[in-house]
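Residue numbers (UniProt numbering): 1 to 231.
For reference, the structure discussed in these notes is given below.
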Amino acid sequence: MSHRTSQDKRGGQAAPARRSVLVRQITAALAASGHTVAVAESLTAGRLAAALADAPGAGETFLGGVVAYATDVKARVLHVDAALLARAGAVDPQVAAQMARGARAVTGATYGLATTGVAGPAPQDGQPVGTVYVAVAHPHGCRTAAARPNRQPPPPGRTTSGTPRSRPRCSSSTTSCDQARDAARAPHRRHARRSGAAAARSHRRGGVLHRLTVLGERAAHRNNEPTAQWR
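As structure tokens, this is what we get:
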């Protein structure tokens with residue numbers, strides 16, 4: 001009989017279930033506040049849109065998305081600065097932020113969620129395989145996160161699922177979901193002194209930002225535990 005470790009479960013069959021729960025929580029939080037979300041995807045190639053559209057009630061909260069896989073599509077459709085793309089390449093936190101803002105601009109959504117990164121098998125723009133940048137744009141600014149997976153070989157007798165390129169994509173959508181969910185739940189100290197409706201609105205916004213970021217990370221990192229550094 002084979003024994004699966006907790007890490008195996010996180011990266012295997014448990015990941016889609018966690019992502020589904022997280023997406024439902026994001027959808028519920030958006031619906032409760034009357035807000036909407038749209039996505040701009042490069043690395044995740046449509047997985048975020050599919051996850052968000054699959055949740056009950058998505059018709060009220062998910063407006064759509066752009067799969068800007070090619071660099072020139074990022075510039076033409078999402079209005080990412082061409083000079084930035086030429087200088088930094090497509091895998092860059094500023095590019096992710098501009099993609100997220102572009103998703104909001106194109107759709108009119110309250111939140112724009114964007115992912116860009118290196119699926120492999122070779123490094124890109126000086127970034128190692130597995131590098132992921134996630135950004136969430138909102139009416140008051142933009143939040144970005146950088147995540148690099150802690151890659152470890154599978155235990156003896158176990159093979160990793162998916163192709164080398166599919167593994168980073170799948171897991172990034174689940175991570176983004178988790179962060180968005182946790183943020184929607186947890187109160188933020190900087191809002192503690194606010195009262196009434198203003199405090200409630202600030203808390204809901206912070207929670208959705210965090211959960212959406214987790215969703216983006218997990219969509220890109222499968223079978224890896226990303227370590228996020230907030231910017």
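Each residue gets a CB set at the ideal place from its N, CA and C atoms; glycine is no exception.
Restricting to Cα atoms, I'd like to know which of the options is closest to residue i.
{"i": "residue 135", "options": "107, 209, 71, 126", "result": "209"}
{"i": "residue 65", "options": "125, 99, 27, 30", "result": "99"}
{"i": "residue 124", "options": "61, 71, 108", "result": "71"}
{"i": "residue 146", "options": "218, 59, 28", "result": "218"}
{"i": "residue 56", "options": "139, 43, 138, 23", "result": "23"}
{"i": "residue 20", "options": "97, 39, 50", "result": "50"}
{"i": "residue 110", "options": "138, 75, 97", "result": "138"}
{"i": "residue 63", "options": "81, 82, 101, 38", "result": "38"}
{"i": "residue 105", "options": "122, 80, 207", "result": "80"}
{"i": "residue 126", "options": "113, 112, 89", "result": "89"}
DSSP on residue i, reduced to helix/strand/coil?
{"i": "residue 212", "result": "helix"}
{"i": "residue 80", "result": "coil"}
{"i": "residue 117", "result": "strand"}
{"i": "residue 132", "result": "strand"}
{"i": "residue 207", "result": "helix"}
{"i": "residue 147", "result": "strand"}
{"i": "residue 108", "result": "coil"}
{"i": "residue 27", "result": "helix"}
{"i": "residue 48", "result": "helix"}
{"i": "residue 55", "result": "coil"}
{"i": "residue 187", "result": "Residue confidence is low: residue 187 scores 37 on pLDDT, short of 50, so the model does not pin down where it sits. No coordinate-derived value is stated."}
{"i": "residue 43", "result": "coil"}
Would you mind giving the Cβ-Cβ distance between residue i and residue j, rounded to the nearest angstrom? I have them listed as a contact below 8 Å.
{"i": "residue 141", "j": "residue 129", "result": "Rounded, the Cβ-Cβ distance is 30 Å, inconsistent with contact."}
{"i": "residue 115", "j": "residue 216", "result": "5 Å"}
{"i": "residue 67", "j": "residue 91", "result": "Going by Cβ atoms, the distance from residue 67 to residue 91 rounds to 16 Å, so no, they are not a contact pair."}
{"i": "residue 45", "j": "residue 69", "result": "6 Å"}
{"i": "residue 84", "j": "residue 94", "result": "6 Å"}
{"i": "residue 213", "j": "residue 143", "result": "6 Å"}
{"i": "residue 220", "j": "residue 43", "result": "5 Å"}
{"i": "residue 58", "j": "residue 27", "result": "6 Å"}
{"i": "residue 133", "j": "residue 75", "result": "Contact flag wrong, Cβ pair sits at about 17 Å."}
{"i": "residue 240", "j": "residue 61", "result": "Residue 240 lies beyond the stretch modelled for the chain, which goes from 1 to 231, so this question has no answer here."}
Let me check one thing: in DSSP terms, what residues is residue i bridge-paired to?
{"i": "residue 138", "result": "141"}
{"i": "residue 64", "result": "38"}
{"i": "residue 124", "result": "127"}
{"i": "residue 90", "result": "In DSSP, residue 90 forms no bridge with anything."}
{"i": "residue 70", "result": "Per DSSP, none; premise fails for residue 70."}
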